[in-house]
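Q: Residue numbers for the sequence shown, in my numbering: 4 to 217.
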Amino acid sequence: MIKVKICGVRTVDDALKCVECGADAVGMLLAPSPRRIPIERARDIEKSLPPFVTSVIVLMPATVEEAIEAVHEIGPDAIQLQGDESPEMLEEMRREIPGVRLIKAVHVGSGGEVEKARMYEGVADAILLDTMSPNRGGSGKTHDWAVSAKVVDSIRKPVVLAGGLRPENVAEAVRMVRPYAVDVASGVESPGLVKDVELMREFIRNAKEALDGR
Numbered sequence: 004m005i006k007v008k009i010c011g012v013r014t015v016d017d018a019l020k021c022v023e024c025g026a027d028a029v030g031m032l033l034a035p036s037p038r039r040i041p042i043e044r045a046r047d048i049e050k051s052l053p054p055f056v057t058s059v060i061v062l063m064p065a066t067v068e069e070a071i072e073a074v075h076e077i078g079p080d081a082i083q084l085q086g087d088e089s090p091e092m093l094e095e096m097r098r099e100i101p102g103v104r105l106i107k108a109v110h111v112g113s114g115g116e117v118e119k120a121r122m123y124e125g126v127a128d129a130i131l132l133d134t135m136s137p138n139r140g141g142s143g144k145t146h147d148w149a150v151s152a153k154v155v156d157s158i159r160k161p162v163v164l165a166g167g168l169r170p171e172n173v174a175e176a177v178r179m180v181r182p183y184a185v186d187v188a189s190g191v192e193s194p195g196l197v198k199d200v201e202l203m204r205e206f207i208r209n210a211k212e213a214l215d216g217r
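(1) Just list the beta strand (DSSP E) runs in the stretch 71-131, keeping only unbroken ones of 3 residues or longer that don't cross its boundaries, in chain order.
(2) Which residue's Cα is closest to the Cα of M179: P170, A213, E201, P161?
(3) Residues in its own chain within less than 8 angstroms of P170 by CB, not counting five upstream and five downstream?
(4) Under 9 angstroms between the Cβ atoms of S51 and A28?
(5) Could you check what DSSP says for S136 in three-state terms: helix, strand or coil?
(6) In three-state DSSP terms, what is K160?
(7) Determine which residues share a DSSP beta bridge with I9 and list them.
(8) Measure the Cβ-Cβ separation of V12 and R38 and say whether it is below 9 angstroms.
(9) What's the gap between the Cα of I158 and the Cα of Y183?
(10) Cβ atoms of C10 and V61: under 9 angstroms apart, would you say?
(11) Identify the residues that DSSP records as bridge partners of L62: which are they?
(12) Can you grab the Cα-Cα spacing for the pair M135 / H110, in whole Å?
(13) Could you tell me which of P53, N172, I71 sits nearest to K144, measuring between CA atoms?
Structure (structure tokens):
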């Protein structure tokens with residue numbers, strides 16, 4: 004069954020709402036974003052999660068040392084690398100923080116997405132496909148899902164689909180792309196960047212039931 008990550012979680016209360024609604028993973032942004040939170044709060048959120056919910060920190064580190072420091076401070080299960088990190092940078096991270104899974108974002112819309120995903124196939128644990136934007140994601144806009152489907156068919160690593168997903172379009176996206184997981188932030192929020200329980204429940208239900216009956 005498809006996995007669901009709720010990203011841009013800013014408080015322990017919202018993290019526990021995600022768990023209550025059935026999220027498989029919770030993402031916390033340390034990269035530039037309106038949803039960015041300090042390391043101390045990310046640590047509190049990580050500690051609040053039960054053992055079978057994956058904690059993910061989203062970074063655009065300038066150096067490997069920056070990523071290592073965040074891991075040591077927070078203790079996440081995975082890092083989502085949202086910037087221009089090179090395969091060599093990921094290789095070094097894998098050596099230095101071997102117990103942490105690496106999710107590398109590839110931005111759809113700039114061309115060459117299959118080739119870019121293949122560049123990271125040997126060093127990342129998963130590839131996340133997000134809509135190209137000036138801030139490297141977080142635009143709330145969808146992209147060409149046919150491109151994402153081609154990436155899924157072209158690599159052997161799990162693919163996470165992100166970018167403009169909402170309760171009303173996630174089932175169609177899942178059926179078209181067949182990703183390992185989907186990722187949502189603004190699509191399940193009320194005003195004030197607060198996670199909305201009803202929207203999260205609807206999103207998770209629609210995502211997980213999308214392939215029933217195929």
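Glycine included, C-beta positions come from ideal geometry on N, C-alpha and C.
A: Taking the geometry as given:
(1) 81-84, 104-111
(2) A213
(3) G190, V191, L202, E205, F206, N209
(4) no
(5) coil
(6) coil
(7) V29, V187
(8) yes
(9) 12 angstroms
(10) yes
(11) L84
(12) 5 angstroms
(13) N172
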